[in-house]
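Chains as they are written, first to last, in the working numbering: chain R, 14 to 175; chain S, 8 to 785; chain W, 24 to 304.
C-beta: ideal position from N, C-alpha, C; glycine also.
Given the structure is predicted, the values throughout are model-derived calculations rather than measurements.
Everything below concerns the one structure shown next.
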Amino acid sequence: MRVTIRVAVNGEERVAEVEPRDLLVHTLRDELGLTGTHVGCDTSSCGACTVHLDGEAVKSCTVLSVQADGHEVTTIEGLAGENGELHRLQQGFWEKHGLQCGFCTPGMIMAAADLLERNPNPTEEEIRHGLEGNLCRCTGYHNIVKAVQHAAAVKAPEEVTA
Amino acid sequence: MSAVGSAIKRKEDPRMITGRGNYTDDMVLPGMLHAVFVRSDEAHAKITVDASEARRRPGILAVFTGEDLGDVAAPMPMAWVPPGIEVKTPERWPIARGEVNHVGDPVALVVGRSRGEVADGAGAVVVEYDPLPVVTDPEAALEDGSPLVHEALGTNRSHEWSLGGGDIDAGLAAADVVVERRIVNQRISGAPIEPRSAIADFRADELTLWSSTQVPHFVRLFMAIVLGTSEDKVRVVAPDVGGGFGAKLQFCAEEVAVSWASRKLGRPVKWTETRAEHMAACHHGRDQVAYVRMGATKDGKLTALHVKIIADFGAYFGMLTPTIPELGAFVMTGVYDIPAVKTDIIGAFTNKCMTDAIRGAGRPEATHLIEVCIDQLAAELEIDRLELRRRNFIAADSFPHEVAYGVIYDSGNYQGTLDRMLEHFDYGAFTEEQARLRERGIYRGVGFSTYTEICGLAPSRVTGPEGFGLQTGLWESAVVRVHPTGAVTVFTGTSGHGQGHDTVFAQIAADRLGVSPDVVEVVHGDTGTGPMGLGTYGSRSMAVGGESIAKAAERVAEKAKQIVAHQLEAAPEDIEVAEGTFRVRGTDKGMALAEISGIAHVRPELLPEGMEPALEEHAFYDPENFVFPFGAHACEVEVDVETGRVTVTKYLAVDDCGNPLNPMLIDGQVHGGITQGIGQALYEQIRYDDAGQLITGTLVDYALPTAAEVPSFVTDRTVTPSPVNSLGVKGIGEAGTIASSAAVVNAVIDALRPLGVSYIDMPCTPLRVWTAIQEAQR
Amino acid sequence: MIPASFDYVRPASLEEAIRALTDGGADARPLAGGHSLLPLMKLRFAAPSLLVDLQGLPGLSGIQRENGTLRVGALTRHAQLQDAGLGVISETAHKIADQQVRNRGTIGGSLAHGDSASDWPTVLLTYEGSVTVQGADGQRVIEAGDLFKEYLTTSVGQGEIVTEVHLPTLEGYGGAYEKFTRRAEDWAMVGVLAVVKESDGVVSDVRVGLTHMASTPLRARAVEEALKGQPLTAESIASAAEHADEGTNPAGDLNATTDYKRHLARVLTRRALTRAAGIEG
């Protein structure tokens with residue numbers, strides 16, 4: 014069985030023909046060429062595949078592509094501004110050395126974006142618990158926490174204009 | 008202003024934070040096929056494989072068994088031939104031939120059009136298992152009458168190896184107290200978040216292999232040997248690599264199988280392992296049982312240390328498997344001046360996945376047992392733990408220092424790092440608070456680890472065929488190429504995978520060439536570009552790779568100075584690199600690198616008589632010695648004694664890796680290293696049941712720490728330059744892991760001593776801690 | 024990593040969904056958030072022939088308060104419950120896995136899956152709630168006590184869909200959920216949910232539910248019996264909590280032996296009751 018799906022990916026209407034069993038992460042990577050979203054496990058544990066579905070962080074390895082039909086998906090490639098200016102979290106990760114090998118980073122940033130959306134001024138403990146669904150083997154999380162704090166200290170663009 | 012020493016932001020980050028990294032699985036080649044391995048469900052069995060049904064399935068192009076790969080030219084290599092010692096080495100083929108020896112052993116390779124179709128095809132391969140007896144415990148494996156992992160070897164004992172110096176018997180006899188402990192250093196997984204992945208493209212008799220590896224040059228060399236071709240026909244590229252931790256310091260059976268399949272089918276073939284495959288079939292680390300005897304006089308002077316290690320190698324040898332415990336023997340005296348030290352190693356085969364290097368590789372095991380036993384000894388002697396350490400530190404003024412078994416420590420100041428650590432940690436106040444809290448039923452503990460380690464692999468004369476017995480040199484290479492416009496490309500033989508080499512190597516070259524690191528591009532991980540190199544592992548990339556770059560860059564600078572001297576009619580020795588120019592000392596006359604390179608490339612007739620055009624130099628560097636970073640770590644824990652849960656509440660690390668090249672990167676390495684050590688101390692363990700079934704085969708069961716399990720860290724440094732290299736630098740990639748497990752475990756024991764718990768093995772899980780308390784209370 | 028092939032429909036009405044499930048036969052499964060089912064399918068522990076995606080069904084998501092009862096749509100996500108300010112219910116929701124999972128997983132899906140290591144079954148049993156299920160033969164209500172039959176087995180029939188979850192609001196009760204995990208994001212090694220009400224200085228009602236202490240969620244009846252009618256003090260709680268493992272049948276696993284789980288049940292029961300009672304531990 015093959016199904017045609019329409020998904021607004023990073024603000025652009027995308028059409029793909031998929032099997033029902035195709036995971037969203039595989040459609041993003043293999044069909045739509047968005048390889049910033051990674052796969053690090055088989056058990057919804059590592060969070061490397063985190064994207065936003067209708068504005069909320071989800072593990073795209075545990076979402077079928079057909080489930081995303083008619084919805085909006087944002088990936089790491091869609092996080093920067095229209096003119097390429099970095100999202101405050103991307104800036105934070107760069108400033109604070111929040112990444113080493115970079116493999117967990119897109120998922121970590123997408124999870125952190127959800128966190129800041131829910132809680133604009135998180136404590137360290139809230140940041141750590143907010144990222145409990147994302148594994149990093151390089152940084153020991155120390156600088157990831159610093160990166161999120163750095164981003165939290167920068168007002169979101171919508172807050173600045175409001 | 009010097010770039011070296013500055014916390015420059017990473018050049019690699021912009022692409023990675025925007026999702027534009029390029030990892031192996033991200034790549035798609037025209038006509039590319041997908042491959043998946045069928046792996047053994049059994050720990051030990053004769054096998055018969057029936058792939059006929061799988062071959063008929065839609066989208067399946069081929070299914071290959073071990074017999075199909077019968078034409079590979081050599082079995083999988085192991086790189087150690089120690090002089091005078093017989094190492095029994097089991098034959099290992101890319102795909103099992105007739106017999107499997109652990110769960111996860113590759114049985115067949117299924118190649119087809121899509122990920123989904125090959126997954127379905129793998130399910131249709133029928134493997135008949137005729138079970139053989141299984142042994143999973145290394146000590147049981149060494150007993151007479153144990154089932155044999157490899158019938159052909161006639162034994163499960165791979166080899167015995169010793170390193171020692173001084174008179175152990177006399178030392179133990181002179182001791183007033185001898186601490187004897189059996190210390191189990193459990194089996195762990197490296198578990199980089201990027202699973203292994205490889206794409207092989209064999210066309211017109213030449214192989215290009217993209218692989219998530221730490222050692223592309225080794226892979227090329229061994230691939231040529233195993234496939235029966237020559238190195239000029241093999242190019243190996245490590246693109247962005249999502250962490251390694253030793254798990255990707257390997258020449259993998261899977262790399263061979265997909266390369267062979269690509270040659271056979273004439274199409275590119277991609278394999279990306281699942282996490283379950285990684286846990287079952289990528290080499291594990293540690294898995295040693297140590298019997299330790301540590302002797303001291305009653306006033307706390309260490310007299311002898313004897314360690315017998317039984318190392319569980321699993322079913323096979325990887326590239327370096329039997330050498331791993333030996334690496335620990337090189338630092339078995341730790342930071343202490345012990346007159347007699349001896350390590351006896353016995354290797355054992357079991358029906359488990361092979362072990363090999365995982366972050367620290369032998370040194371975490373050694374450091375753990377030394378630092379835990381020092382605490383054990385302090386308790387028996389009733390001497391404060393730090394005082395006991397101080398009484399035995401190798402004196403700061405005795406470096407270079409030859410230890411009992413002949414290894415020469417390059418530089419150190421152990422008192423200095425401990426003093427600095429105590430500036431951040433009020434031991435007296437902690438002890439008072441600890442006593443107060445115990446009255447309220449709150450159990451806190453502090454643990455220390457004062458360590459050194461041996462890294463910067465390595466001086467080839469020591470590690471090579473006539474020395475330790477590795478069948479390779481361990482030098483490193485660099486090329487520094489200045490382009491006509493003054494931009495610079497640095498080629499290195501190391502192969503970074505998260506360490507920040509693009510940045511720090513650029514810093515090293517930039518200073519020597521009077522340019523900004525922004526215009527220095529670093530190229531690594533591609534055998535098709537620069538000269539041969541040896542890769543990234545063993546905390547060698549700065550001390551060996553960085554030094555090579557410094558040398559090559561200095562050669563470029565020397566040539567540039569001659570050009571400038573010639574142009575400005577000055578003496579070459581009067582030219583200095585300052586403020587971004589090559590200038591005549593004491594004047595404002597000078598030339599920028601772009602100008603110099605322009606002449607060298609575009610106007611070679613202006614060069615001094617006989618000078619070759621262009622501006623490019625290379626260097627090969629084989630160090631005279633290892634380097635020995637060191638430090639003092641402290642860990643505070645709180646133990647919920649009702650449930651056994653251990654929480655790390657504070658962690659301090661003072662490390663000394665010589666001159667800091669980029670402090671930000673050093674801190675990052677230390678943070679990650681500590682967390683990996685905390686992981687081993689509290690959470691991580693690869694477990695098999697008695698039938699050899701893997702029971703920690705996913706990241707649900709194998710517990711990597713998350714952000715919620717660790718605190719923020721306090722880090723600081725002292726600077727004791729290494730005399731071995733001109734940068735004065737030592738490695739820092741493994742130090743955090745090497746130091747930290749003992750600090751955590753010592754803290755747990757410190758917390759639990761009032762309850763009668765005096766020793767505990769890793770991982771200190773809630774169940775294990777609770778059980779230890781119950782047993783102590785009985 | 025890749026599930027076996029299956030067919031997929033996304034019906035627009037409940038009737039259509041039930042018809043699809045009925046016509047799909049024994050291997051057709053409803054799909055809510057997918058966070059119980061998809062992980063099993065990826066490991067090929069489950070291989071349904073047809074998935075009936077419920078996301079298009081109207082009116083199955085949201086929380087309403089009505090006559091002392093919370094009516095929670097079956098497709099309500101853990102995150103919605105986490106953010107709804109529902110006391111211990113929100114606390115429990117917050118302790119499920121991680122935020123990404125909570126953004127996607129649903130209460131109805133979790134209850135229908137019936138994993139005794141998961142948290143919602145314990146809540147339903149402790150609150151003495153119920154679920155409404157709809158099938159080809161109409162609608163029925165299953166009381167919590169009748170829902171959980173065995174490990175991963177509930178009395179929701181093939182072709183039936185959980186549409187709504189009912190939980191009494193338990194006005195005037197204190198509550199706490201003590202979930203003991205290896206790491207923050209893990210399943211419960213043991214979990215204990217306690218809700219308690221005091222009247223006239225004594226316990227007028229107390230309910231204690233246990234997660235992962237048997238193949239189904241359990242009530243710690245002996246604890247409840249021991250506390251009812253007693254003043255709510257540290258001593259009475261400690262004494263009652265000693266009965267927490269009575270009637271349980273926990274399986275040992277990678278992280279915990281049977282004895283250890285029994286011990287944890289007692290400790291966590293004391294802690295949950297203490298916190299629910301609002302007294303210092």
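Residue i versus residue j - alpha carbon distance
i	j	result
ALA249(W)	ARG285(W)	18 Å
LYS16(S)	GLY146(R)	27 Å
ALA40(W)	LEU73(W)	12 Å
GLY341(S)	GLY143(R)	40 Å
VAL296(S)	PRO773(S)	22 Å
GLU187(W)	THR155(W)	5 Å
VAL52(R)	THR118(R)	12 Å
GLY686(S)	GLU716(S)	9 Å
GLY493(S)	VAL551(S)	26 Å
SER456(S)	ALA264(W)	41 Å
GLU439(S)	GLY452(S)	12 Å
LEU193(W)	THR149(W)	11 Å
THR588(S)	VAL489(S)	15 Å
ALA148(S)	ASN192(S)	17 Å
Beta-carbon contacts of residue i that lie in its chain and below 8 Å, excluding the five residues immediately before and after
i	result
SER28(W)	none
GLY91(W)	PRO191, THR192, GLU194
7 Å CB neighbourhood of residue i in its chain, flanking five on each side removed
i	result
THR725(S)	ASN420, GLY423, THR424, ARG427, VAL661, ASP663
ALA559(S)	ALA485, VAL486, VAL487, GLU624, HIS625, ALA626
ASP708(S)	ILE702
GLN80(R)	none
ARG289(W)	ALA264, GLU265, ALA267, ASP268
ILE89(R)	GLY49, THR50, PRO119, ILE122, MET123
Own chain, CB closer than 6 Å to residue i, minus 5 neighbours either side, in chain order
i	result
ARG62(S)	VAL70
PRO71(W)	PHE29, ASP50, ARG52
LEU255(W)	GLU221, VAL226, ALA300
LYS18(S)	ASP509, THR510
GLY251(S)	PRO199, GLN221, HIS504
Outcome for residue i when other beta-carbon atoms lying within 10 angstroms are tallied against a minimum of 16
i	result
ASP247(S)	buried
GLN784(S)	exposed
ALA207(S)	buried
ALA245(S)	buried
PRO65(S)	exposed
TYR174(W)	exposed
ALA385(S)	buried
THR499(S)	buried
Residue i beta carbon near the ligand NAP (any heavy atom closer than 7 Å)
i	result
GLU93(S)	Ligands in the displayed structure: none, and consequently the ligand NAP is not present.
Anticipated Cβ contact below 8 Å, residue i with residue j, distance rounded
i	j	result
ALA814(S)	GLY369(S)	In this structure chain S extends from 8 to 785, so residue 814(S) is not present and cannot be described.
HIS51(S)	ASN108(S)	6 Å
GLU310(W)	ARG230(W)	Examination of residue 310(W) is not possible in this model, given that chain W is present from 24 through 304 alone.
Closer than 8 Å to chain B by CB, residue i
i	result
ILE25(W)	Looking at the structure shown, chain B is missing, and the protein chains on hand are R, S and W.
Contacting positions in the region 188-214 of chain W - beta carbon closer than 9 Å to chain R: Flagged, chain order: ARG206, ALA207, GLU208.
Short-range partners of chain R found in the region 34-48 of chain W, where Cβ spacing is below 9 Å: Result list empty, no residue passes.
Contact list for the region 123-144 of chain R against chain S, Cβ threshold 9 Å: From the region 123-144 of chain R, only GLU137, GLU138, ILE140, ARG141, HIS142, GLY143, LEU144 have a Cβ closer than 9 Å to chain S.
Residues, ordered as in the chain, of the region 8-33 of chain S that lie near chain R by beta-carbon distance below 9 Å: Against chain R - using a Cβ distance shorter than 9 Å - the residues of the region 8-33 of chain S are ALA14, LYS16, ARG17, GLU19, ASP20, PRO21, ARG22, MET23, ILE24, THR25, GLY26, ARG27, GLY28, ASN29, TYR30, ASP32, ASP33.
Against chain W: residues of the region 116-132 of chain S by CB proximity under 8 Å: Taking 8 Å as the Cβ-Cβ cut-off against chain W, the residues of the region 116-132 of chain S that qualify are ARG122, GLY123, ALA126, ASP127, GLY130.
Residues, ordered as in the chain, of the region 708-725 of chain S that lie near chain W by beta-carbon distance below 9 Å: Result list: ASP708, ALA710, LEU711, PRO712, THR713, ALA714, ALA715, GLU716.
Contacting positions in the region 487-508 of chain S - beta carbon closer than 8 Å to chain R: Residues passing the 8 Å Cβ filter: HIS504, GLY505, GLN506, GLY507.
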